[in-house]
Amino acid sequence: MGIHNLAKLIADQAPGAIKEGEMKNYFGRKIAVDASMSIYQFLIAVRQNGENLTNDNGEITSHLMGMFYRTIRMVEHGIKPVYVFDGKPPQMKSKELEKRLERRTEAEAEMSKAAEAGDEEAFDKFARRTVKVTREHNEECKRLLKLMGIPYVNAPTEAEAQCAALVKEGKVYGVGTEDMDALTFGADVLVRHLTFSEARKMPIREFSLPKVLQGLGINFEEFIDLCILLGCDYCDSIKGIGQKRALDLIKQYRDIETILKHIDTK
1244 MGIHNLAKLI
1254 ADQAPGAIKE
1264 GEMKNYFGRK
1274 IAVDASMSIY
1284 QFLIAVRQNG
1294 ENLTNDNGEI
1304 TSHLMGMFYR
1314 TIRMVEHGIK
1324 PVYVFDGKPP
1334 QMKSKELEKR
1344 LERRTEAEAE
1354 MSKAAEAGDE
1364 EAFDKFARRT
1374 VKVTREHNEE
1384 CKRLLKLMGI
1394 PYVNAPTEAE
1404 AQCAALVKEG
1414 KVYGVGTEDM
1424 DALTFGADVL
1434 VRHLTFSEAR
1444 KMPIREFSLP
1454 KVLQGLGINF
1464 EEFIDLCILL
1474 GCDYCDSIKG
1484 IGQKRALDLI
1494 KQYRDIETIL
1504 KHIDTK
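In this text, residue positions in the sequence shown follow my numbering: the first is 1244, and each later residue adds one.
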């Protein structure tokens, strides 16, 4: 899910931290790609007549088709992808995972209602909300990458954290993901829309962490507290605190503990 409204906050308050470009701009670069995020996108987007692609046995292949063709596209542009797969989720993320399960269950119920009513548009909308990346999806994609000669890494926990570690160690240039979490894990460069299809015509957007901090006028520790205030996979946002107020509070009090002492009086 990422950090709530962080991309919009950066675009509004630190636009100089965002650079738009094309895939060819990353020729020769190694990019750590969040595999689970990519597979999720493929399962939702790689469809025919509203349905997942399948093989002759009826097994879903949307994730494999997406992984194959998007990877080929990156390689053709001289990018060297390193896919990173999620490991065991941290305990503190358990509440968020429970919420996701509830949302999928609700979506399944709504999908059944839409099917009974013959509402194809509603059915497709709720069907997308039931999508979940399974261990089988991951293993099939790993096998495909191995056959293609593309390296991948199994993260001990969160893929974004491992991607950020690869950036900090100088092993890759940046992190390819749609989740803004990679910045909070300390990745200096985050690249969005890298695995989107050409048909979507979305420019690649690169976020620079040093420029984000400079543009927002805060340090990295304060940035972490800002992301907590905005709300993330590990905690909810605080009612009544939007993105602009969250930044103002961080600039005024410099840490979340002090903010909590004064928030009732503001």
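Ideal Cβ positions, reconstructed from N, Cα and C, are used throughout, including at glycine.
### Message
By the DSSP assignment, the alpha helix (DSSP H) with Ser1281 in it spans what residues?
### Response
1278 to 1288
#### Entry: Per-residue DSSP class, three states only, for Gly1413
coil
#### Entry: Beta-carbon contacts of Arg1313 that lie in its chain and below 6 angstroms, excluding the five residues immediately before and after
Thr1438
### Query
Does the region 1264 to 1277 come close enough to the region 1314 to 1331 that 3 or more CB-CB pairs lie under 8 angstroms?
yes
### Message
If distances are taken between C-alpha atoms only, which option among Ile1447, Ser1440, Leu1456, Met1445 comes closest to Asp1431?
### Response
Leu1456
### Task
Using the DSSP secondary-structure output, state which residues sit across from Tyr1269 in a beta bridge.
In the DSSP output, where bridge partners are listed per residue, Tyr1269 has none listed.
#### Entry: Residue nearest to Phe1311 in terms of C-alpha spacing, selected from Leu1473, Ile1282, Ala1360
Ile1282
### Task
Rounded to whole angstroms, what's the CA-CA distance from Thr1508 to Ala1250? Just pull it up for me.
In this predicted model, Thr1508 has a pLDDT of only 43, less than 50, meaning its place in the structure is not dependable; the value taken from the coordinates is given anyway. If I take the Cα positions, the gap works out to 29 angstroms.
#### Entry: CA nearest to the CA of Gln1284, picked from Leu1426, His1436, Gly1485
His1436
### Task
Report the rounded CA-to-CA distance for Gly1483 versus Ala1365, giving the unit in angstroms.
32 angstroms
### Query
On the three-state DSSP scale, how would you describe Pro1324?
strand
### Task
Pick out the complete alpha helix (DSSP H) segments inside the region 1426 to 1482, 4 residues or longer, and give them in chain order.
1452 to 1459, 1463 to 1473
### Query
With 16 as the cutoff for other CB atoms within 10 Å, does Gly1271 come out buried or exposed?
exposed
### Query
Hey, quick one: how far does the alpha helix (DSSP H) through Val1396 stretch, first residue to last?
Careful: Val1396 lies outside any alpha helix (DSSP H), inside the beta strand (DSSP E) at 1395 to 1397.
#### Entry: Beta-bridge partners of Glu1263, as assigned by DSSP
Arg1448
### When Leu1473, Leu1286, Ile1493, Glu1465 are compared against Thr1377, the one with the closest alpha-carbon
Leu1286
### Query
Under a Cβ-count criterion, where at least 16 other Cβ atoms within 10 Å of its own Cβ denotes burial, should Gly1460 be classed as buried or exposed?
exposed
### Task
May I ask you to report which of helix, strand or coil DSSP gives Ala1275?
strand
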